[in-house]
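Here the sequence shown is numbered in the UniProt record's numbering, starting from 1 and rising by one per residue.
In this text, a Cβ means the ideal position worked out from N, Cα and C, and glycines have one as well.
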Amino acid sequence: MTTATVDTLVAEQALPRYGFGPGHTLRMINLSENATFLVEDGDRSAILRVHRVGYHSRSDIESELTWLTALREESGVATSEAVPNSDGERVTTVVVDGAERHAVLFHVVPGIEPDDVALGTSDFETLGAITARMHEHARSWTPPAGFHRFSWDWEHSLGDTPRWGRWQDGIGVGPVEEAALGAAVEVVRERLASYGTAADRFGLVHADLRLANLLVEGDQVTVIDFDDCGLSWFMYDFGTAVSFIEHDPRLPDWQAAWLRGYRSVTALSAEHEAMLPTFVMLRRLLLVAWMGSHAHSRECQDLGPGYTADSVELARRYVASDGASLS
């Protein structure tokens, strides 16, 4: 059976636990790290996320949902809300094809994601302000006992146990590409080692806080898809904000707008600002690795080897500036 077929079987087993009857319709709307489905049954609709095998434990998923709730209740950041199943649990576990699988049902959030073709500085200013509120909450929040999320530190990003695989295995990475990207990896490593992981710069982050993970309805902006949230550098969230579009010539304007939004909420020192090109480069290298191990994803199919070629040019500019710039 294909991955999509198995994920659909998981969804069909989980849905009765939420009171969906045999007349419901189920439509896959995204297949990336996880499978996401739109479920409709008469006037009722919801979003079901089916977690892939081996990425998160049940307790890790519970921890994600705990932070979502805390953000919504304590920081003024609107987040998606999980629907409890018939047992009052936020995570439903079923066994399909001999494997335990986890699923979470979310209320449908009104709104649409910002247009990725007509991105404006106002979009990034809004995102910067939201990011700052999330960082302020993470710095002051005391997680409950048993809370656990994985880390996006060096070891698990570009180090010896990379969570998304090796960047060397990315699409279209040959000897020339490996040399150029490898030089950038070394500069990133050195700059991160010097920057360090003190509490003012490293903590709980969304780790995929791009405009595609915002839903906008009038003045209401809701943050979704916390599946990758974990421990990392706070400024890494800017690198994720420009995922897949890091080579766009509008990047300096987007960065300036993001910083304006961030500083409208809280102070940000020049030391942290100076690291933004490094976190953009870190994210870009991570995505080269991710595309190499996620050939089924929409992004991989849309961008293909051209993304690696653009990454090489970005890496060369980054190295030439000794990590200070991407332009």
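Alpha carbon to alpha carbon, what distance is there between residue j and residue i?
{"i": "GLU273", "j": "ASP322", "result": "15 Å"}
{"i": "HIS102", "j": "VAL10", "result": "8 Å"}
{"i": "SER57", "j": "ASP227", "result": "12 Å"}
{"i": "GLU40", "j": "VAL187", "result": "49 Å"}
{"i": "ARG260", "j": "GLY23", "result": "49 Å"}
{"i": "VAL221", "j": "LEU215", "result": "6 Å"}
{"i": "ALA180", "j": "MET291", "result": "18 Å"}
{"i": "GLY146", "j": "GLU73", "result": "20 Å"}
{"i": "ALA324", "j": "ARG17", "result": "52 Å"}
{"i": "VAL50", "j": "GLU64", "result": "15 Å"}
{"i": "VAL77", "j": "PRO175", "result": "45 Å"}
{"i": "ALA256", "j": "VAL205", "result": "21 Å"}
{"i": "GLU246", "j": "ALA82", "result": "32 Å"}
{"i": "ILE224", "j": "SER59", "result": "19 Å"}
{"i": "THR79", "j": "LEU71", "result": "7 Å"}
{"i": "GLY306", "j": "GLU190", "result": "27 Å"}
{"i": "ALA132", "j": "ILE61", "result": "24 Å"}
{"i": "GLU178", "j": "ASP153", "result": "22 Å"}
{"i": "PHE202", "j": "MET275", "result": "13 Å"}
{"i": "PRO162", "j": "ASP97", "result": "27 Å"}
{"i": "LEU119", "j": "GLU155", "result": "33 Å"}
{"i": "GLU12", "j": "SER232", "result": "35 Å"}
State buried or exposed for residue i, treating a residue as buried only when at least 16 other CB atoms are found within 10 Å of its CB.
{"i": "ARG27", "result": "exposed"}
{"i": "SER194", "result": "exposed"}
{"i": "VAL95", "result": "exposed"}
{"i": "MET1", "result": "exposed"}
{"i": "ILE29", "result": "exposed"}
{"i": "PRO114", "result": "buried"}
{"i": "HIS107", "result": "exposed"}
{"i": "ALA289", "result": "buried"}
{"i": "SER269", "result": "exposed"}
{"i": "ARG92", "result": "Reading off the sequence, residue 92 comes out as Thr, not Arg. Buried."}
{"i": "ARG139", "result": "exposed"}
{"i": "THR3", "result": "exposed"}
{"i": "VAL319", "result": "buried"}
{"i": "ALA267", "result": "exposed"}
{"i": "SER327", "result": "exposed"}
{"i": "GLY54", "result": "exposed"}
{"i": "ALA184", "result": "buried"}
{"i": "SER157", "result": "buried"}
{"i": "GLY159", "result": "exposed"}
{"i": "GLY230", "result": "buried"}
{"i": "GLU271", "result": "exposed"}
{"i": "SER45", "result": "exposed"}
{"i": "SER264", "result": "exposed"}
Report the residue from the options whose alpha carbon sits nearest the alpha carbon of residue i.
{"i": "ASP219", "options": "MET1, TYR318, SER232, SER122", "result": "SER122"}
{"i": "ALA309", "options": "GLY172, MET235, ARG163", "result": "GLY172"}
{"i": "ASP7", "options": "THR197, HIS56, PHE37", "result": "PHE37"}
{"i": "PRO143", "options": "VAL108, SER157, LEU68", "result": "LEU68"}
{"i": "PHE20", "options": "GLU33, GLY128, GLU177, LEU48", "result": "LEU48"}
{"i": "THR197", "options": "ARG284, ASP43, GLU125, MET235", "result": "MET235"}
{"i": "residue 347", "options": "GLY111, GLY42, ARG263", "result": "No statement about residue 347 is possible, as the shown extent of the chain runs from 1 to 327 and does not include it."}
{"i": "LEU209", "options": "SER32, GLY304, TRP254, GLY128", "result": "GLY128"}
{"i": "ALA315", "options": "LEU285, ARG191, PRO305, GLY306", "result": "LEU285"}
If we cut at 9 Å on Cβ distances, does residue i have a partner in chain D?
{"i": "VAL53", "result": "Here chain D cannot be found, since the structure has a single protein chain."}
Taking 8 Å as the cut-off, does the CB of residue i come closer than this to any heavy atom belonging to the ligand FAD?
{"i": "ASP322", "result": "Among the components of this structure there are no ligands whatsoever, and the ligand FAD is therefore not found."}
Continuous beta strand (DSSP E) assignments of at least 3 residues falling wholly in the stretch 216–240: Listed in chain order, they are 220–223, 230–233.
Touch test, the stretch 229–241 against the stretch 260–280, Cβ-Cβ under 8 Å, three pairs minimum: Enough Cβ pairs lie closer than 8 Å, so yes.
Sufficient close CB pairs (3 or more, under 8 Å) joining the stretch 82–90 to the stretch 240–257: No, the stretch 82–90 is not in contact with the stretch 240–257.
Start-end ranges of the beta strand (DSSP E) lying completely within the stretch 77–116, minimum 3 residues: Correct list: 92–96, 99–107.
In chain order, each alpha helix (DSSP H) run of at least 4 residues that lies wholly inside the stretch 33–77: Whole alpha helix (DSSP H) segments, 4+ residues: 58–74.
Residue ranges of each beta strand (DSSP E) within the stretch 269–317, 3 or longer: Positions of the beta strand (DSSP E) runs, each at least 3 residues long and wholly inside the stretch 269–317, cannot be given because no such run exists.
Secondary structure, alpha helix (DSSP H): runs of 4+ residues fully inside the stretch 188–216: Taken in chain order, the complete alpha helix (DSSP H) segments of 4 or more residues contained in the stretch 188–216 number zero; there are none.
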